[in-house]
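According to our numbering, the stretch in the sequence shown is residues 511 to 583, in order.
We treat Cβ as the ideally placed atom computed from N, Cα and C, and that holds for glycine.
Since this is a predicted model, take the numbers as computed values, not measurements.
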Amino acid sequence: MNIAIWLFVVLLVVAVLLGAVIGFFAARKWFKKYLEKNPPVNEQMIREMMRQMGRTPSEKQVRQILSSMNQYK
Numbered sequence: 511m512n513i514a515i516w517l518f519v520v521l522l523v524v525a526v527l528l529g530a531v532i533g534f535f536a537a538r539k540w541f542k543k544y545l546e547k548n549p550p551v552n553e554q555m556i557r558e559m560m561r562q563m564g565r566t567p568s569e570k571q572v573r574q575i576l577s578s579m580n581q582y583k
């Protein structure tokens, strides 16, 4: 009876570790795929957003916004 309990505990620990490893790689693959579809904000996106708001941004404004966004990453 005692051996059965230890076997169950060992199998449970192995299953949890295996699940964690598989989960890590699955999440990594999903996140890479997500970043390909939705890339991080770049200068061109900032310019386009400002144009949609009715403003024509200068290069200095674009770089200020980009640096302030990168500061919070």
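The C-beta distance from L576 to E553 rounds to 6 Å, short enough to meet the 8 Å contact threshold.
Secondary structure note for R565: it is in no alpha helix (DSSP H), with a DSSP letter that is neither H nor E. Within the region 515-582, the complete alpha helix (DSSP H) segments of 4 residues or longer fall at 553-562, 569-581, listed in chain order. With respect to V531, I556 sits apart: the two C-beta atoms are not nearer than 9 Å.
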